[in-house]
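Reading through the structure tokens given below for one structure.
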Amino acid sequence: MPAIETLELERSYAESPQRVFEAWTRVDLLNRWFGCAEDKLWRVHAWEPRPGGKIHVSLDFDGTPFEVEGKFLVVDPPRRLTYRWNEDEEVDVTIEPHGSGSRLRLVHTFPATKDIRPFITMGWSSALDALGAVST
Amino acid sequence: MDKGSLDVVFDALANEHRREIVMRLARAPMTTPEVARHFGFTKQAMSRHVGVLESAGLVSRTLHGRVHELVLVPRRLEGVTRWISALRAGWSASLDRLDEVLRAGD
């Protein structure tokens, strides 16, 4: 069993893959959208989009400073961006032409550390659905 | 639920057998002999797994005559589900904002 949990999201954008890629790699643009919780944007201290380039962001989470470091693994404009996030997470962004715009696929991967394992097992989400039914 | 408490829940769930017990109990309560039979556990394995789940507060036990019945405590899982849904919500909001940034142009 691959000991990995992934969060996957897809979005379509009206702009070209070049523009979308730029929004991921230019800090002035990144500063306007890149967030953690719903309304919390990361403060970007380092964002060096080249293989091996450094990542360092932080934010103040309800009074507690929260920092994340990482590094870029794959930077292949305008199609792909992969970076390590914390020690053990990975974010993989793929951008493809889609009609006159683009489609973005984001995969956030966690290892099977103790914090993540509950989400790995197949059927887990259905168990949680069942739980929802139980708790109501 | 505080962070330490969440760790205990994650630790308890970091085991395939215990996750299966939780999933099974999510459907209906079970007695300890039923759990042992259903999963083919030895008595020792049974009490170990159930003990860990109990300590984490995920399962509670009531005595019916001479048989222990195990019931899931769903609210203990809220912290876990909140954690993953917070991540999803965070990314969703970010990718929506990205759309706004793209539309706004430079």
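Just so you know, the protein sequences line up as chains Z and R, in that order. The numbering used here applies: residue 1 is where the first sequence begins, and numbers increase by one. The numbering used here applies: residue 137 is where the second sequence begins, and numbers increase by one. Every residue gets a Cβ at the ideal spot worked out from N, C-alpha and C, and that includes glycine.
No residue range can be given for D88 of chain Z, since it is assigned to no beta strand (DSSP E) and is classified by DSSP as neither H nor E. At least one C-beta of chain Z is nearer than 7 Å to the C-beta of V237 of chain R. For S230 of chain R, a Cβ of chain Z is located within less than 7 Å of the residue's own Cβ.
With a threshold of 7 Å between beta carbons, F72 of chain Z makes no contact with chain R.
Proximity to V207 of chain R across R:M166, R:A172 and R:A229 peaks at R:M166, based on C-alpha coordinates.
Within the same chain, Cβ atoms closer than 7 Å to the Cβ of T6 of chain Z are found at V107, H108 and T109, the five residues on either side in sequence being excluded.
Of Z:E22, Z:D92, Z:G99 and Z:D76, the smallest CA-CA separation from G70 of chain Z is found for Z:D92. The Cβ-Cβ distance between R84 of chain Z and L59 of chain Z does not fall below 7 Å. Of all residues in the stretch 189 to 202 of chain R, none is placed with a Cβ closer than 7 Å to any Cβ belonging to chain Z.
For G99 of chain Z, there are no neighbours in chain R by C-beta distance under 9 Å, as the nearest C-beta there is about 15 Å away. The continuous alpha helix (DSSP H) containing T25 of chain Z extends over residues P17 to T25. Selection Z:E8, Z:E67 and Z:P49 evaluated against V57 of chain Z yields Z:E67 as nearest (Cα-Cα).
A straight line joining the alpha-carbon of Q180 of chain R with that of V188 of chain R spans about 12 Å. Under the 7 Å criterion on CB atoms, L206 of chain R is classed as non-interfacial with respect to chain Z.
In the displayed model, D60 of chain Z falls within a strand according to three-state DSSP. Neighbours of R224 of chain R in chain Z, taken as residues whose beta carbon is under 7 Å from its own, are L7 in chain order. Fully contained in the stretch 152 to 216 of chain R are the following beta strand (DSSP E) runs of length 3 or more, in chain order: 195 to 200 and 203 to 208. In the DSSP assignment, the residues bridged to F66 of chain Z are Z:L59.
At least one C-beta of chain R is nearer than 7 Å to the C-beta of G35 of chain Z.
The beta carbon of E67 of chain Z does not come within 7 Å of any beta carbon belonging to chain R, so the residue lies off that interface. Of the candidates R:R224, R:E152, R:R202 and R:E190, R:E190 places its Cα closest to the Cα of P210 of chain R. Annotation: the continuous beta strand (DSSP E) that includes W47 of chain Z extends over R43 to W47. DSSP places R50 of chain Z in the coil class of the three-state scheme, outside both helix and strand. By the C-beta density criterion, V203 of chain R is exposed, having fewer than 16 other C-beta atoms within 10 angstroms.
Distance between C36 of chain Z and G101 of chain Z, taken at the CA atoms: about 26 Å.
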